[in-house]
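Using this note's numbering, you'd call the opening residue of the sequence shown number 4 and step up by one each time. Cβ coordinates follow ideal geometry from the N, Cα and C atoms, glycine included.
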Amino acid sequence: MRNIIMAGNWKMNKDAESTLLFCKGLAEGIRDLSAGVKAIVAPPYPFLGLALEALKGSAAQVAAQNVSFNSDGAYTGEVSAPMLASLGIPYCIIGHSERRQYHGETDQTVLSRQIKLASSGITPIVCVGETLAERDAHKTAQVILTQLKGCFETITISDPQSVIIAYEPVWAIGTGRTATPEQAQEVHTLIRTWLAQRYGAAIASDLHILYGGSAKPDNIRKLLEQEDIDGALIGGASLTLEQYLPMLLTANELIKARNPK
Ligand code: 13P
């Protein structure tokens, strides 16, 4: 059974004070949210502890935005999976297109990071997505399948809750140009079909696949109404409670409509 996961990727935004303010407001704002909607915030590394503290006792959870593919040692500037685990961080984004574009991330390094996260009990949010040139060249399916094969090459999945996949078309990130619900659904179906072939129908049907790319309060409903869209990875619109909270409330309405009791 899949619920809705609404993850906010803050990227390199906010400071200590605004992290605290946001998280306190979030804890307050989600008090009445159904258990079927999971709010996750991914602040920059220095503010993970603050966010954890401010969200303690609330239903919201905290994610890191990246992790080292090494465990420890002389890797200046890096943060390891055991370090994140020692803070109690339950999720970590890996393979984001901005890391692929600016920091040399490849499917191979995503795979290595995934292995480190798994051994620390942290759930990865694995990002895949095609560029505009690839979409225009009708290579979307090929690109997504290549990324999936590479990122999951040696990964076994026995618990569908132990991994989250995010489909983020690069051309929709920060551009205001969202994939249409139909375009997103088509790729989500492709991903779920690949998961079923690779890991079996039961894993595929329970694993969450999020959409990311200019998700906003005014387009989130139609995206979440798609059969295979199980939530969103939200950039810009996750930075203010004015935008993020209404998106959580929309998810809440949809979950309640699905499970009326
Ligand atoms: P935007 O929502 O700002 O387009 O960013 C999406 C994203 O990259 C989330 O990881």
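- Query: Among 190, 34, 198, 67, which residue has its Cα nearest to the Cα of residue 61?
  - Reply: In the sequence shown, counting from the first residue as 1, residue 61 sits at position 58. Comparing Cα-Cα distances from residue 61 to each of 190, 34, 198, 67, the minimum goes to 34.
- Task: Taking only heavy atoms of the ligand 13P into account, decide whether any of them is closer than 6 Å to the Cβ of residue 12.
- Result: Taking the sequence shown and counting its residues from 1, one reaches residue 12 at position 9. Residue 12: yes, Cβ under 6 Å from the ligand 13P.
- Message: Considering Cα atoms alone, identify which of 228, 20, 43 is closest to residue 253.
- Response: Stepping through the sequence shown from its first residue, residue 253 is reached at position 250. With distances taken between Cα atoms, residue 253 lies closest to 228.
- Using 8 Å as the threshold, is the stretch 46-53 in touch with the stretch 10-25, meaning 3 or more CB pairs across them? yes
- Would the stretch 98-112 and the stretch 121-140 be scored as touching if the rule is three or more Cβ pairs under 8 Å? yes
- What are the uninterrupted segments assigned as beta strand (DSSP E) that are 3 or more residues long and contained completely in the stretch 175-258, given in chain order? 211-215, 234-237
- Task: Please list, in chain order, all residues of the same chain as residue 224 whose beta carbon is under 6 Å from its beta carbon, the five residues on each side excluded.
- Result: Along the sequence shown, read from residue 1 onward, the residue named residue 224 stands at position 221. Cβ neighbours of residue 224 beyond the five flanking positions: 253.
- Beta-carbon proximity check, residue 213 vs residue 169, cutoff 7 Å: Counting from 1 along the sequence shown, the entry for residue 213 is found at position 210. Counting from 1 along the sequence shown, the entry for residue 169 is found at position 166. In contact: residue 213 and residue 169 (Cβ atoms closer than 7 Å).
- Item | For residue 170, the residue or residues it bridges with in DSSP | Reading the sequence shown from its first residue, position 167 is the one you call residue 170. Answer is 131, 214.
- Query: If you compare alpha carbons, which of 161, 77, 184, 178 is closest to residue 204?
  - Reply: In the sequence shown, residue 204 corresponds to position 201, counting from 1. Measuring from the Cα of residue 204, the nearest candidate turns out to be 161.
- Message: Looking only at its chain, what residues have a beta carbon closer than 7 Å to the beta carbon of residue 91, apart from the 5 residues adjacent to it on each side?
- Response: Indexing the sequence shown from 1 puts residue 91 at position 88. Closer than 7 Å at Cβ, skipping near neighbours: 55.
- Query: Between the C-alpha atoms of residue 59 and residue 31, what's the straight-line distance to the nearest angstrom?
  - Reply: Within the sequence shown, the letter at position 56 stands for residue 59. Within the sequence shown, the letter at position 28 stands for residue 31. The straight-line gap from Cα to Cα measures roughly 12 Å.
- Message: Tell me which residues share the same chain as residue 2 and place their Cβ nearer than 8 Å to its Cβ, disregarding the 5 neighbours each side in the sequence.
- Response: Since the first residue shown for the chain is 4 and the last is 264, residue 2 is missing from the structure and cannot be characterised.
- Roughly how many angstroms separate the alpha carbons of residue 81 and residue 108, rounded to a whole number? Here residue 81 refers to the residue found at position 78 when the sequence shown is read from its first residue. Here residue 108 refers to the residue found at position 105 when the sequence shown is read from its first residue. Going by the C-alpha atoms only, they are around 14 Å apart.
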